[in-house]
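A.B. asks: Take a look at this one; I'll ask things after.
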Amino acid sequence: MTVHHVVLYTFKPEVTPEQRQNMRDYGRALPSQISAIQSLLSGKPVFNPLTHGYEEGVIFVLESVAKLNEYHSHKAHLDFQALAKPLTESMSHVYLKINLIK
Numbered sequence: 202m203t204v205h206h207v208v209l210y211t212f213k214p215e216v217t218p219e220q221r222q223n224m225r226d227y228g229r230a231l232p233s234q235i236s237a238i239q240s241l242l243s244g245k246p247v248f249n250p251l252t253h254g255y256e257e258g259v260i261f262v263l264e265s266v267a268k269l270n271e272y273h274s275h276k277a278h279l280d281f282q283a284l285a286k287p288l289t290e291s292m293s294h295v296y297l298k299i300n301l302i303k
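Under this note's numbering, the first residue of the sequence shown is numbered 202, with each subsequent residue one higher.
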């Protein structure tokens, strides 16, 4: 069983394109800093009516709830939260236990 940590967010209107890209780059670098992250997916919504205004999202794939807890307390994750908080207007988190069904 894996755990998918889904994060959806919207930037504040005054955030510059450079700040947006810096946040994306920082987030995409987290798997190289936090071994608990198996993989990371990121992107923008395809079907906007269902996004409730969120502009972008990221999915962190972790092996287990124990690895999720390890990720949450990691300094690189806490630093990323500190970077993202002043840049984002809204953010939503969902944690899913995934069982692969073929």
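All C-beta atoms, glycine included, are put in the ideal place defined by N, C-alpha and C. All values reported here derive from a predicted model rather than from experimental measurement.
What do you reckon, is the C-beta of V259 under 8 Å from a heavy atom of the ligand SAM?
C.D. replies: Of the ligands one can find in the structure shown there are none, so the ligand SAM has no counterpart to examine.
A.B. asks: Applying the criterion that 16 or more other CB atoms from any shown protein chain within 10 Å of the CB defines a buried residue, is H253 buried or exposed?
C.D. replies: Locating residue 253 in the sequence shown gives position 52, where the first residue counts as 1. Its Cβ having fewer than 16 others within 10 Å, H253 is exposed.
A.B. asks: Please report the distance separating the alpha-carbon of G228 from that of L288.
C.D. replies: Locating residue 228 in the sequence shown gives position 27, counting from the first residue. Locating residue 288 in the sequence shown gives position 87, counting from the first residue. Using only the alpha carbons, I get a separation of about 13 Å.
A.B. asks: In the segment 221-301, which residue ranges form an unbroken alpha helix (DSSP H) of at least 4 residues, counting only runs that do not cross its ends?
C.D. replies: 266-274, 276-285
A.B. asks: Tell me the residue span of the beta strand (DSSP E) that contains T211.
C.D. replies: Translated into the one-based positions of the sequence shown, residue 211 becomes position 10. Its beta strand (DSSP E) spans residues 203-212.
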